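Protein chains: 2
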Amino acid sequence: MPRKPRIVKRSGDQTAQEEPAPGSAKRHQIMQGALAVFLEYGYKGTSMDRVAEEAGVSKQTIYSHFEDKEHLFHELVEYLSGSLFPEQQDHTKLFELEPEAFLIRVSQLFFEQMDRWEYKSFFRVVVAESGRFPELAQLYVKRAVEPGLAVLVAYFEKHPELRLQDPEVIARIFRGSLASFALVQDILQGKRLVPMSRERYISGLVETVLISYQRKPD
Amino acid sequence: MPRKPRIVKRSGDQTAQEEPAPGSAKRHQIMQGALAVFLEYGYKGTSMDRVAEEAGVSKQTIYSHFEDKEHLFHELVEYLSGSLFPEQQDHTKLFELEPEAFLIRVSQLFFEQMDRWEYKSFFRVVVAESGRFPELAQLYVKRAVEPGLAVLVAYFEKHPELRLQDPEVIARIFRGSLASFALVQDILQGKRLVPMSRERYISGLVETVLISYQRKPD
DNA sequence: GTCTATACCGAGATAGAC
DNA sequence: GTCTATCTCGGTATAGAC
């Protein structure tokens, strides 16, 4: 668990000399602390005291920047949605790959993303609160799921030689297979119970999707 | 927020003299209340007061049957794992279906299960607490995921004519695709953002898996 | 705007009567 | 074993000094 930008509280007089740009700096500082605590303990498990401690500010400072805990959580989720899934960089290099290499690369990128603890924790929180905060779940779908599907669909549609009947469905199958694998193996700790290497899974998945393409016409 | 009227229904025999046994009526009554509250509000969001109210017993009665909140939660998850995913009934009828019908039926059964609110809520809680209660997540994998995979693998291995290179991987792809679809569409409320019918998805998924089988040799 | 201190409530858990 | 009443702690949010 990497983290802990703790600020040691100073006793006695404090000549606030090192304060750079009071307003948004403090706000960002609070967000960082909130990020660490919310992602680790979930919404209900997070206390404002803990956030204040983690951010190195007083509780009242938090309440001077955010209306209440729920608003803080909302802003954090929006911030994370933009931070964890940045706007699509150009996929020109990716699109130049041939089908098999493309799908393998996409899979690797997916798992690289999934291996970040922020991502796993964020996913847990989003799923956990998807009943009470549906709009946050939808934001996740919009920022984390849709863009990945769009890339796959775009590639598939530019490669009719793959002979894919329904590119949108295939894209979901591909992305969904990767996501479920990561969910069961990593998030739900299924590695020990039903171990399987990512390489084997990716290989089988790519082969399944491309089977019409790879099959040599007799 | 209106709430359900609390009725304590006692069946005839209630000796109520011996120590609480695993099968006692009160114990079951508490579990039912705990089930409703934990599934709706999650672990941290559930208070023992609320459970007592929902179960129609006093709080102390809960503590006479369960050591503390965490133990109650543990027992509840074990109970739910056995209740929501009962021991495999014989799949003889299922196994008699031909490949396409078999996979379609399996998909339908999966979604029928997913449509129960207990299942969705249970999934949310399991994912939410998978970091703090890893053994519960593994129990879920063991009871909810593995059996489904086993059925698919068994079928695939009895049908070599399907020409599936790696039945275990294909089983995971199939089951994982279904799970991700339900996750995005239903749990994460993606229906409105990226709508797609289950029929279209199942159709494409079955077709993809069986493509080697269905392709007529030229 | 930021701090310390505090109000107020609900949480988990327990005591003691019956 | 079950209840009512209560303890103690930690939760969100606010007051008032600077």
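Here the protein sequences line up with chains A and B, keeping their order.
Number 177 in numbering that gives the first Met the number 0 belongs to position 178 of the first sequence; there are no gaps in the numbering.
Number 168 in numbering that gives the first Met the number 0 belongs to position 169 of the second sequence; there are no gaps in the numbering.
Using N, Cα and C, we set each Cβ at its ideal position, and we do this for glycine too.
On a predicted model such as this, the values are computed, not experimentally measured, just so you know.
Three-pair Cβ contact test at 8 Å for the stretch 75-88 of chain A versus the stretch 131-143 of chain A: yes
Same chain, Cβ closer than 6 Å to Q28/A, neighbours up to 5 away in sequence not counted: A54
Touch test, the stretch 183-199 of chain B against the stretch 119-138 of chain A, Cβ-Cβ under 8 Å, three pairs minimum: yes
Which listed residue (D185/A, E99/A and E145/A) has its alpha carbon closest to that of E167/A: E145/A
Euclidean distance between Cα positions of I103/B and I169/B: 15 Å
Cβ-Cβ distance between L204/B and I172/A below 7 Å: yes
Candidates K68/B, G41/B and M30/B: closest to M47/B by CA position: K68/B
Within 9 Å of chain A by C-beta, residues of the stretch 131-148 of chain B in sequence order: R131, P133, E134, A136, Q137, Y139, V140, K141, V144, E145 and L148
Straight-line Cα distance separating L108/B from L161/A: 31 Å
Beta-carbon proximity of G175/A to S179/B, cut-off 7 Å: yes
Nearest neighbour of V76/B, chosen from F110/B, Y118/B and F101/B [CA to CA]: Y118/B
Per-residue contacts from L192/A into chain B (C-beta, under 9 Å): Q137, V140, K141, V144 and E145
Cβ neighbours of V7/B in the same chain (closer than 6 Å, five flanking residues each side left out): Annotation note: pLDDT 39 at V7/B (below 50); position unreliable, no value reported.
Touching by the beta-carbon criterion (3+ pairs, under 8 Å), the stretch 88-103 of chain A and the stretch 148-157 of chain A: yes
Under 7 Å between C-beta atoms of H90/A and V50/A: no
Own chain partners of A20/A with C-beta closer than 8 Å, once the 5 adjacent residues on each side are dropped: Because the pLDDT at A20/A is just 39, under 50, the model does not fix this residue reliably, and the value given afterwards should be weighed accordingly. Counting only Cβ-Cβ distances below 8 Å, and skipping sequence neighbours, we find nothing.
Whole-angstrom distance between R123/B and E219/A, CA atom to CA atom: The structure shown has nothing for residue 219/A, since chain A only spans 0 to 217.
7 Å Cβ shell around L148/B - same chain, five flanking residues per side excluded: A170, R171 and R174
For V183/B and R131/A, the rounded distance between their alpha carbons: 16 Å
Option in A35/B, H73/B, D185/B and G22/B with minimal Cα separation from Q112/B: D185/B
Within 7 Å, strictly: CB atoms of H70/B and R26/B: no
Coil, strand or helix - G130/A by DSSP: coil
Proximity to E86/B [Cα-Cα], best of R142/B, E128/B, A35/B and R115/B: R142/B
Ranges of the alpha helix (DSSP H) found wholly within the stretch 27-69 of chain A, counting only runs of at least 4: 47-54 and 58-64
Closer than 7 Å to chain B by CB, I103/A: no
Contact with chain A by K43/B, beta-carbon distance below 7 Å: yes
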